[in-house]
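See structure below.
In this note's numbering, the protein residues as written are 11 to 178.
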């Protein structure tokens, strides 16, 4: 018999949590947590996550990129097209199978991604400037844990949460 998870904890606390998560999602989307200065709001979430994944994991094909992010290949193809058009991502032939396409960050993509990351780090510093270092560490750990739980819940069957990390 499954237990109603709202009875397992404080209903009032869970109500506050769901409301704060909803507010965070709306505010994050409104500002795209785009950072500060001229870089602010200049890269959408999909582009940032794709560039970030290619930077962290290196060149890969569309299917591998889609699988690593837990999204459909057609979505990746659609989202990568403007990144290729603007010179942030390069399409190259697979070294062993010339018919296959490999996506990788271009030097311009690397520079642009670092510019956005720097701006976002500055925004995070401003938003948490009056927090103690331990509060920042705790918030990061809890947010990563929360994102991991969401990722595990949303992962397609047969895909472990580590295959579709929370950073995707």
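Every residue gets a Cβ at the ideal spot worked out from N, C-alpha and C, and that includes glycine.
It should be emphasised that the depicted structure is a prediction, and the values quoted were computed from it without experimental measurement.
Could you tell me whether the region 132-149 touches the region 58-73, where touching means 3 or more Cβ pairs closer than 8 Å?
Judged by Cβ distances under 8 Å, the region 132-149 makes no contact with the region 58-73, as fewer than three pairs qualify.
For residue 24 and residue 164, the rounded distance between their alpha carbons
Going from the Cα of residue 164 to the Cα of residue 24 covers about 20 Å.
Would you mind listing the alpha helix (DSSP H) stretches within the region 89-154 that are 4+ residues and don't spill past its ends, in chain order?
You should have 117-137.
Whose C-alpha, out of 139, 99, 117, is nearest the C-alpha of residue 6?
Absent from the structure is residue 6, since the part of the chain shown begins at 11 and ends at 178.
Measure from the alpha carbon of residue 67 to the alpha carbon of each residue in 125, 153, 115, then state which is nearest.
Taking residue 67 as reference, the option from 125, 153, 115 with the minimal CA-CA separation is 115.
Does DSSP classify residue 70 as helix, strand or coil?
The three-state secondary structure of residue 70, taken from DSSP, is strand.
Can you give me the C-alpha to C-alpha distance between residue 79 and residue 64, rounded to a whole angstrom?
Rounded to the nearest whole angstrom, the CA to CA distance from residue 79 to residue 64 is 11 Å.
In whole angstroms, give me the CA-to-CA distance for residue 37 and residue 30.
If you draw a straight line from the Cα of residue 37 to the Cα of residue 30, it is about 10 Å long.
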